[in-house]
Structure formats: structure tokens, C-alpha cells
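One structure is given here, and the rest of the page talks about it.
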Amino acid sequence: MDTQDERITRLEETVAHQTRVIEELSDQLTEQWKVVEQTRAKLDRLTERFLSLEEQGLEAPAITRPPHY
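Counting along the sequence shown from 1, when you hit position 41 you're at 212 in the working numbering, and nothing is skipped either side.
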């Protein structure tokens with residue numbers, strides 16, 4: 172049987188490992204959030220550009236038959 176000191180030591184090691192993993196996951200989450208924010212900002216800019224072009228009334232070129240017809 173394990174002594175109580177050995178059990179406590181194993182529990183402390185487990186807690187230390189879990190603490191390190193939680194910190195790493197937190198750092199990764201922070202980095203991913205930055206990517207999400209950058210993507211959101213880019214989408215907002217593209218949406219504004221699209222709406223601006225749409226408001227300018229740029230018409231699509233007329234559909235014509237290809238020259239080989």
C-alpha cells in the first residue's frame with residue numbers, strides 16, 4: 172500500500188500538471204481569439220466594400236453570346 176505521503180505527492184504532481192495544461196490552453200485560446208477578431212474585422216471591411224460597390228450601381232456586363240455562335 173502507498174503511504175499517505177506518496178499519495179499526497181502524486182496528487183500534487185497531478186495538480187501541477189493540470190495547472191500547466193490549463194495555462195497552455197488559456198494561452199492558445201487567447202491566440203485563437205485574436206485570429207477570430209482579425210477575421211471579423213476583415214469580414215466587416217469586405218462587407219462595407221461590397222455594400223459600397225452595390226450602392227454605386229455597378230451593373231454586371233450584359234450577357235452576350237460567345238463569338239463562336
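Beta carbons: idealized from backbone N, C-alpha and C, even for Gly.
Do you know offhand how far residue i's Cα is from residue j's?
i, j, result
"residue 201", "residue 213", "19 Å"
"residue 174", "residue 183", "14 Å"
"residue 210", "residue 219", "14 Å"
"residue 215", "residue 190", "37 Å"
"residue 221", "residue 234", "22 Å"
"residue 228", "residue 236", "24 Å"
Helix, strand or coil: how does DSSP classify residue i here?
i, result
"residue 176", "helix"
"residue 193", "helix"
"residue 216", "helix"
"residue 201", "helix"
"residue 209", "helix"
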